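Numbered by mature numbering (1 follows the signal peptide of the UniProt record, and there is no 0), the letters in the sequence shown go through residues -22 to -1, 1 to 342 in order.
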Amino acid sequence: MKIKVAILILPLFSTPSSPTKCFDLNVLECWPMEIQEMILMVSGENTPRYNCSGKTKDEWYETGEKRLGWGIYYVSSGISFQFIGWPVLWIFLTKFNMTHALKVYRVMVFIGLIEITEVWGNSVWPGIVALFGEVYCTNPKITTVVGKVTMVQWVLGSSSAVFLGLHRLTDMAQKGEFLVNTNLKTSIWLACLSIYAFYGSIFFDTVLFNSVYMAPLLDPMIGNQGIVYSNRFLYFHNIFVSILLIIVYASLCIIWSTREMHTSSIHVSKFQKSILLQSICVSLTYAVPAVSFVAMFVFQTPKWFFHASDITYQLSGGLPFLMYIWLNHKVQDEFFKRLGVCRNAKNQKTVVPSVHSTASRFNN
């Protein structure tokens, strides 16, 4: 027993046989194994766990499935989301004074930027995969890059949705506001979430979209027996996000329905309700796919459930913008104005919130 313990402890105190090599960052072998594997995959080179040398490219295509209908849906909806999402973000950035009571929109815009760029990885690329019947080994470089990027975007977006709920919770409960009461503090929190998301993408197995299951999988499906592909970081992240989103936004709804409104205008109450509804809609677009992804890893689910789960994820890139147009009258008016559609001026309401030190006027 003592010998075994010594064997385990000895390497911690031993000197590497080639110290210069281990500290030379220009040498790939000096980097952590996870980064080495990621770089080789992005370069299109085979690794022990992601080895495509067993078949030719044409043979790998035979293992995939072409899905014309779904391919057209994914690509067309993704492009449509781009045409809708960017104008909405532009309206937020140019028409809203994001200070005081409106600083919550900064978080919404941050999430919106994640969602609109995520569309290329969760909608357009899957559409191309479906049209051509792609699998990992038919295009390992792009599949790996898209998988890594969408992992960062998913983790960052869902984490930011939780932060958005906590941001609203501190404001409505009037407790803990000192944590997020300045733009600098909000930016620091979002920066920390970004580091968290990048860590989860770099040091753990990536998701790879597959035309057979029409869903992002950890397994590249190359027939390697005995090799385990896992991502406990993503697994536990989805569990925590699912639980936190439900708890935080349920708490918001309870506070909203039970507390006495300390406002000087009924329009302010409508504004706060609108913000709450918009936040809930954003949370749902992340909560539903998060719960679905957890179910995929916990239970034995049929192939159709994988695809259904991915559809909920795919819609998360565009539905929030449609909800902003529907729930936010100012966004709605500006959006239709850009389309050349006349809107009734009576929909525009000027509100002056009396929340804390707010002195700015805004339209809802």
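Every residue gets a Cβ at the ideal spot worked out from N, C-alpha and C, and that includes glycine. These numbers were taken from a predicted model, which means no experiment stands behind them.
**Prompt:** Looking only at DSSP bridge pairs, what is Phe187 linked to?
**Reply:** As a working mapping, residue 187 is identified with position 209 in the sequence shown. Paired residue(s): Pro194.
**Prompt:** Relative to the alpha-carbon of Leu262, which residue among Val272, Ser252, Ile224 and Leu230 has its alpha-carbon at the smallest distance?
**Reply:** Taking the first residue of the sequence shown as 1, we reach residue 262 at position 284. Here the closest residue by C-alpha is Ile224.
**Request:** Go to Arg84, then tell me how far its alpha helix (DSSP H) extends in each direction, as first and last residue.
**Result:** Numbered from 1 along the sequence shown, position 106 holds the residue referred to as residue 84. Arg84 -> alpha helix (DSSP H) spans Val82 to Val97.
**Item:** Contact set for Ser179: own chain, Cβ-Cβ below 6 Å, skip 5 residues either direction
**Value:** Position 201 of the sequence shown holds residue 179. Lys126, Met129 and Val130.
**Prompt:** Got a sec: does the ligand NAP put a non-hydrogen atom nearer than 6 Å to the Cβ of Arg210?
**Reply:** The ligand NAP is not part of the structure shown, which contains no ligands of any sort.
**Message:** Trp48 and Val113 - do their beta-carbons sit closer together than 7 Å?
**Reply:** One-based indexing of the sequence shown puts residue 113 at position 135. One-based indexing of the sequence shown puts residue 48 at position 70. For Val113 and Trp48, no; Cβs fall outside 7 Å.
**Status (buried if at least 16 other CB within 10 Å, exposed otherwise) for Gln152** = On the sequence shown, residue 152 is found 174 positions in, with the first residue counted as 1. Counting the other Cβ atoms within 10 Å of the Cβ of Gln152 gives fewer than 16, which makes it exposed.
**Message:** Just verifying my parser: in three-state terms, what is the DSSP assignment at Lys315?
**Reply:** As a working mapping, residue 315 is identified with position 337 in the sequence shown. Helix, per DSSP.
**Prompt:** From Ile62 to Phe275, what distance separates their C-alpha atoms?
**Reply:** Counted from its first residue, the sequence shown places residue 62 at position 84. Counted from its first residue, the sequence shown places residue 275 at position 297. Rounded to whole angstroms, the separation of the alpha carbons of Phe275 and Ile62 is 33 Å.
**Message:** Does the contact criterion of 3 or more C-beta pairs under 8 Å hold for the stretch 140 to 149 versus the stretch 196 to 206?
**Reply:** Cβ pair count under 8 Å is below three, so no.
**Prompt:** What whole-angstrom Cβ distance do Leu293 and Gln256 have, given they're in contact under 8 Å?
**Reply:** Here residue 293 refers to the residue found at position 315 when the sequence shown is read from its first residue. Here residue 256 refers to the residue found at position 278 when the sequence shown is read from its first residue. The Cβ separation is near 16 Å, so there is no contact.
**Asked** Closest to Pro118 by CA distance: which of Val20, Phe284 and Leu297 is it?
**Response** Here residue 118 refers to the residue found at position 140 of the sequence shown. Measuring C-alpha to C-alpha distances from Pro118 to each of Val20, Phe284 and Leu297 identifies Val20 as the nearest.
**Item:** Backbone CA spacing between Met150 and Leu230 [nearest angstrom]
**Value:** Looking up residue 150 in the sequence shown gives position 172. Looking up residue 230 in the sequence shown gives position 252. Distance between the alpha carbons of Met150 and Leu230: 8 Å.
**Request:** Report yes if the CB atom of Val124 is closer than 7 Å to the CB atom of Gly56, and no otherwise.
**Result:** To locate residue 124, count along the sequence shown from 1; it is residue 146. To locate residue 56, count along the sequence shown from 1; it is residue 78. Cβ distance not < 7 Å, so Val124 and Gly56 don't count as in contact.
**Asked** Going by alpha carbons, who is nearest to Ser172 out of Arg45, Val133 and Val87?
**Response** Working through the sequence shown from its first residue, we reach residue 172 at position 194. Of Arg45, Val133 and Val87, the smallest CA-CA separation from Ser172 is found for Val133.
**Message:** Mapping the DSSP letters down to three states, classify Val113 as helix, strand or coil.
**Reply:** For this step, residue 113 is matched to residue 135 along the sequence shown. If DSSP states are grouped into helix, strand and coil, Val113 belongs with coil.
**Request:** Use the C-beta contact count for Ser220: other C-beta atoms within 10 angstroms, 16 or more gives buried, fewer gives exposed.
**Result:** As a first step, residue 220 is located in the sequence shown; it is residue number 242 there, counting from the start. Burial state of Ser220 is buried, judged by a 10 Å Cβ sphere holding 16 or more other Cβ atoms.
**Item:** Cα-Cα separation, Ala175 to Ala228
**Value:** Working through the sequence shown from its first residue, we reach residue 175 at position 197. Working through the sequence shown from its first residue, we reach residue 228 at position 250. Looking at the two C-alpha atoms, the distance is approximately 25 Å.
**Message:** Let's see if you can read the secondary structure: which residues bound the alpha helix (DSSP H) around Phe141?
**Reply:** Start at 1 with the first residue of the sequence shown, and residue 141 comes out as number 163. Bounds of the alpha helix (DSSP H) holding Phe141 are Pro118 to Ala151.
**Message:** If contacts are defined as beta-carbon pairs under 8 Å, then Asn216 and Phe271 qualify, I think. What distance do you get, rounded to the angstrom?
**Reply:** Here residue 216 corresponds to residue number 238 of the sequence shown, with the count starting at 1. Here residue 271 corresponds to residue number 293 of the sequence shown, with the count starting at 1. So it is a contact: roughly 5 Å between Cβ atoms.
**Proximity to Ile166 [Cα-Cα], best of Trp68, Pro298, Ile50 and Arg84** = Taking the first residue of the sequence shown as 1, we reach residue 166 at position 188. That would be Arg84, whose Cα lies nearest to the Cα of Ile166.
**Asked** If you draw a straight line from the alpha carbon of Glu96 to that of Gly32, how long is it in whole angstroms?
**Response** Residue mapping note: residue 96 aligns to position 118 of the sequence shown, counting from 1. Residue mapping note: residue 32 aligns to position 54 of the sequence shown, counting from 1. Going from the Cα of Glu96 to the Cα of Gly32 covers about 32 Å.
**Asked** Are there 16 or more other CB atoms within 10 angstroms of the CB of Ser(-6), so buried, or fewer, so exposed?
**Response** For the purposes of this step, residue -6 is taken as the residue at position 17 of the sequence shown. Legend: pLDDT at Ser(-6) = 40, less than 50; position of this residue unreliable, no value from coordinates given.
**Asked** Is it the case that the Cβ atoms of Gly90 and Leu67 are separated by a distance below 7 Å?
**Response** Numbered from its first residue, the sequence shown carries residue 90 at position 112. Numbered from its first residue, the sequence shown carries residue 67 at position 89. Leu67 is positioned such that its CB atom lies closer than 7 Å to that of Gly90.
**Prompt:** For Phe299, is the classification buried or exposed, using 16 other Cβ atoms within 10 angstroms of its Cβ as the cut-off for buried?
**Reply:** Looking up residue 299 in the sequence shown gives position 321. By the Cβ neighbour-count rule, Phe299 is buried, with 16 or more other Cβ atoms within 10 Å of its own.
**Asked** Taking C-alpha atoms, which residue in Phe74, Gly296, His307 and Gly154 lies nearest to Ser58?
**Response** Sequence index remark: in the sequence shown, residue 58 carries index 80 (1-based). Comparing alpha-carbon positions, the option among Phe74, Gly296, His307 and Gly154 lying closest to Ser58 turns out to be Gly296.
**C-beta contact flag for Pro104 and Phe187 at 7 Å** = For the purposes of this step, residue 104 is taken as residue 126 along the sequence shown, with counting starting at 1. For the purposes of this step, residue 187 is taken as residue 209 along the sequence shown, with counting starting at 1. Contact: yes.
**Asked** Taking the alpha-carbon positions, what's the Lys251 to Val309 distance?
**Response** Here residue 251 is taken as the residue at index 273 of the sequence shown, counted from 1. Here residue 309 is taken as the residue at index 331 of the sequence shown, counted from 1. Lys251 and Val309 have their C-alpha atoms spaced approximately 16 Å apart.
**Asked** Which residues in the same chain have their Cβ closer than 8 Å to the Cβ of Val185, if we skip the five residues on either side of it in sequence?
**Response** Mapped onto the sequence shown, residue 185 falls at position 207. Closer than 8 Å at the Cβ level, and outside the excluded window around Val185, lie Gly125, Thr128, Met129, Pro194, Leu195, Leu196, Asn209 and Leu212.
**Cβ neighbour criterion (16 or more within 10 Å) applied to Ile92** = Numbered from its first residue, the sequence shown carries residue 92 at position 114. Around the beta carbon of Ile92, 16 or more other beta carbons lie within 10 angstroms, which makes this residue buried.
**Message:** Looking at Tyr264: is its Cβ nearer than 7 Å to the Cβ of Ser136?
**Reply:** For the purposes of this step, residue 264 is taken as the residue at position 286 of the sequence shown. For the purposes of this step, residue 136 is taken as the residue at position 158 of the sequence shown. Yes. Within cutoff.
**Request:** Tell me whether Glu43 sits in a helix, a strand or coil according to DSSP, three-state version.
**Result:** For this step, residue 43 is matched to residue 65 along the sequence shown. The answer is coil: DSSP assigns Glu43 none of H, G, I, E or B.
**Prompt:** Between which two residues does the alpha helix (DSSP H) containing Phe156 stretch?
**Reply:** As a working mapping, residue 156 is identified with position 178 in the sequence shown. That residue, Phe156, is in no alpha helix (DSSP H); it is neither H nor E in DSSP.
**Item:** As assigned by DSSP and simplified to three states, the class of Met19
**Value:** To locate residue 19, count along the sequence shown from 1; it is residue 41. DSSP places Met19 in helix when its eight states are reduced to three.
**Request:** Go ahead and label Ala169 buried or exposed: buried means 16 or more other beta carbons lie within 10 angstroms of its beta carbon, across all protein chains shown.
**Result:** The count along the sequence shown starts at 1 and reaches residue 169 at position 191. Per the 10 Å Cβ criterion, exposed.
**Request:** Mark Pro280 as exposed unless 16 or more other C-beta atoms lie within 10 angstroms of its C-beta, in which case mark it buried.
**Result:** Here residue 280 corresponds to residue number 302 of the sequence shown, with the count starting at 1. Pro280 is classed as exposed because its beta carbon has fewer than 16 other beta carbons within 10 Å across all chains shown.
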